[in-house]
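Residue numbers (this note's numbering): -13 to 303.
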C-alpha cells in the first residue's frame, strides 16, 4: 500500500525543488501543502489522509487534540532536533514516531548580522529613497568601538559575538546560565542582566524560548536601554514583551528594533511592526536559506526511508 506523505508549511512553494523527492516513490506519494496554520478542525480535515507529515520548524502546532484527530498519522518529521510546537508526550502515547534533522548552523547568525548592518546603516530607507529618485537621506551608525550585548551565549550567540569582534566591537553577554568563565572562553565580557541592557549599543537575543525566557525582555529591561540603542531579535518573538516593545518604539525610547520573529506568525496584516518607521522587520527568514532547507529536507527523506525500513533515526523523545 502506498504511504501518503505530506510536506506542510511550504509557504514559499520551494520544498519540491530543493531536493529530489522521487527517491520516496517506492515508499509512497508526496504531497506539498502551502496553507498557513489554522484551527485544529481545519488542520484535521487538511491532513487526515496522511500517514507521514513533514513539518517546517514550529510553524504548525501539533498538540494532543490535533494528534488525536489524525488517526492515520504514524510519523512526524520536523526540521531541526527541537520543536516546541510538537507534543512529544502525546505523540508517544498515540504511537506516533517523531524524528528530526540536523540544522545548518550559519543561517541564523548571518541573518542576525545582516539585520544589524542594515538597521544601523539605515540601508532600507536609503535604498528606498534611491528607488524614489532621491539621494542621501541621513547618517548611518558605526559599529567600530560600540558595545554588542548578547542575550544568550549559546552556539548562535557565540557566532554573532565573533562577528562583532571582527567589526571591532566590545562584546558583553548575560543569561541565567552563563558564567564569567564560559564567557571568557569566547573572549566575551560577562555582565549582569541590568548591565547588559544599560551598556548595549546593539542588543541581540539568542535564547531558546522556554517558560523562563518568555517575556524576559520586559518593560523594565527596555527602560534600561539607551535611547540610541538597537534591539535585534532573531530568536523567538515571545522572549520579548511585544506590547512593551511597541510602546518603547512608538515613544522613540529606542533607536529602533530589527525583528525576524514575532508573537504571532505570520505577522497580522495591520500589526504596528509593519508600519513603525523605527522597525526593520523580516518574515522569520533566519533559518530560511537554501543550504538549511537542503539539509532539512534531505534528512527528512532519510528519516522516512529509515522509518519505512523499521529502523527509525534521529528520534525525538
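Quick reminder that beta carbons are idealized off the backbone N, C-alpha and C, glycines included.
DSSP assignment within the stretch 206 to 286 yields the following whole beta strand (DSSP E) runs of 3 residues or more, N-terminal first: 216 to 219, 242 to 245 and 265 to 267.
Taking 8 Å as the cut-off, the Cβ atoms of residue 210 and residue 106 do not count as close.
In this structure residue 67 is exposed. Its beta-carbon is surrounded by fewer than 16 other beta-carbon atoms within 10 angstroms.
For residue 59, the closest C-alpha among the options 177, 43, 16 and 39 is that of 39. Beyond the five residues adjoining it in sequence on each side, residue 70 comes within less than 8 Å, by CB distance, of 44 and 195 in the same chain, given in chain order. Take the alpha-carbon of residue 150 and the one of residue 156: they are about 7 Å apart. Around the beta carbon of residue 95, 16 or more other beta carbons lie within 10 angstroms, which makes this residue buried.
Between the stretch 229 to 244 and the stretch 71 to 89 there are fewer than three C-beta pairs closer than 8 Å, too few to call the two in contact. Fully enclosed alpha helix (DSSP H) runs of no fewer than 4 residues occupy 74 to 79 and 93 to 106 of the stretch 58 to 111, in order along the chain. Under the DSSP assignment, residue 149 falls outside any beta strand (DSSP E), being part of the alpha helix (DSSP H) whose first and last residues are 141 to 152. Around the beta carbon of residue 110, fewer than 16 other beta carbons sit within 10 angstroms, so the residue counts as exposed.
The DSSP assignment places complete alpha helix (DSSP H) segments of no fewer than 4 residues inside the stretch 123 to 204 at 141 to 152, 166 to 171 and 179 to 185, in order along the chain. Between residue 90 and residue 281, the gap from beta carbon to beta carbon is short of 8 Å. Per the C-alpha coordinates, the member of 142, 10, 63 and 120 positioned closest to residue 83 is 63. Collapsing the DSSP output to three states places residue 294 in a helix. Assignment of beta-bridge partners to residue 17 by DSSP yields -8. Note: residue 38 is bridge-paired with -9 and 61 in the DSSP secondary-structure output.
It is roughly 7 Å from the alpha-carbon of residue 294 to the alpha-carbon of residue 13. The straight-line gap separating the alpha-carbon atoms of residue 185 and residue -4 is approximately 40 Å. Judged by beta-carbon spacing, residue 247 lies beyond the 8 Å limit of residue 276, meaning their Cβ atoms are not closer than that value.
In the DSSP assignment, residue 3 falls within the unbroken alpha helix (DSSP H) covering 1 to 4. Each residue's CA atom was taken as its position, placing residue 264 and residue 180 some 24 Å apart.
Contact check for residue 61 and residue 290: beta-carbon distance about 7 Å, within the 8 Å limit, so the pair qualifies. With contacts defined by Cβ atoms closer than 8 Å, residue 189 and residue 137 form a contacting pair. Closest in alpha carbon position to residue 122, among 218, 113 and 1, is 113.
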